[in-house]
Amino acid sequence: MTAGAAVLAWGEWMNWRWSRALVGDREGTAEAVVVLGYRNPQKSANAVNRQRVRTGIRSVAADRVPSTRVIFTGGATGGAATEARVMADYARRVLAFEGTVVLEEASGTTWENITNVIPLLEDADRIKIASQPAHALKARAYLRRQRPDLATRLVRAGDYRLGEWTVLKPLLALYGLWSLRGLPPGERTIAP
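Counting from 1 along the sequence shown, just add 5 to a position and that's the residue number in this note's numbering.
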């Protein structure tokens, strides 16, 4: 029982930590929330993309910045619709999101997600990246490498909630450690 609780606590802690790395506390009136897509060969959003969309929409509601747009990013992965379009459809039809939506439908990797959304971020005062915490951290590190000036505008998204996906968080943390292995320690630190 104690070992199980320790594993769950470790998963929570790792995800909490990653959600706070490479972000600041910037103010502004224009915000972009970038929702990273996940392989989605079917016509409707899979569980991972549904969670990412909910994270993105939650990130919009968190700060109520007057001019906010949600950028869904991700190309086609075998199906007719792109990840971006599938997520946008889910946001509109299921979550009844009525805000501004922009689609980036050409990317196939996280690096390409960031490369392709950079032109859409130029006028944003605040930038949030919505995904699972480790994946969002990886994307923030990629933005920092590609456009350090834009990376100074990164703020926390609503990607971490205590108790959400608790049973899966240890697995997500293990996968996160594996996927973040190429990031230098400085790109995994929590901002002061």
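No residue lacks a Cβ here, since even glycine has one placed at the ideal position from N, Cα and C.
Query                                                                                                          : Result
Residue of Thr7, Ala35, Arg57 minimising C-alpha distance to Asn45                                             : Arg57
Collapsed DSSP secondary structure at Arg57 in the structure displayed                                         : helix
Reduced DSSP category for Ser184 - H, G, I as helix; E, B as strand; rest coil                                 : helix
For Ala67, three-class secondary structure by DSSP                                                             : helix
Rounded separation between Gly191 and Val28 - CA only                                                          : 13 Å
Terminal residues of the alpha helix (DSSP H) in which Arg22 lies                                              : 7-24
Coil, strand or helix - Arg5 by DSSP                                                                           : Absent from the model: residue 5. The displayed extent of the chain is 6 to 197, so no value can be given.
Val38 to Asn54 span [Cα, whole Å]                                                                              : 15 Å
Beta carbon of Thr60 nearer than 9 Å to that of Asp164                                                         : yes
First and last residue of the uninterrupted beta strand (DSSP E) at Glu36                                      : 35-41
Beta-carbon spacing of Gly104, Val160 below 9 Å                                                                : no
DSSP state of Ile134 mapped onto helix, strand, coil                                                           : strand
Ala139 CB to nearest heavy atom of the ligand MN below 8 Å                                                     : Summarising the ligand content, the structure contains no ligands, and the ligand MN is consequently not present.
Opposing strand residues paired with Glu171 [DSSP bridges]                                                     : For the sequence presented, residue 171 should be read as Thr rather than Glu. Paired residues: none, contrary to the question.
Reduced DSSP category for Pro189 - H, G, I as helix; E, B as strand; rest coil                                 : coil
At least 3 beta-carbon pairs within less than 8 Å: the stretch 6-13 vs the stretch 134-142                     : no
Sequence-distant residues of the same chain with beta carbon closer than 6 Å to Ala156, five excluded per side : Leu148, Arg149
Test item: CB-CB of Ala35 and Asp128 under 9 Å                                                                 : yes
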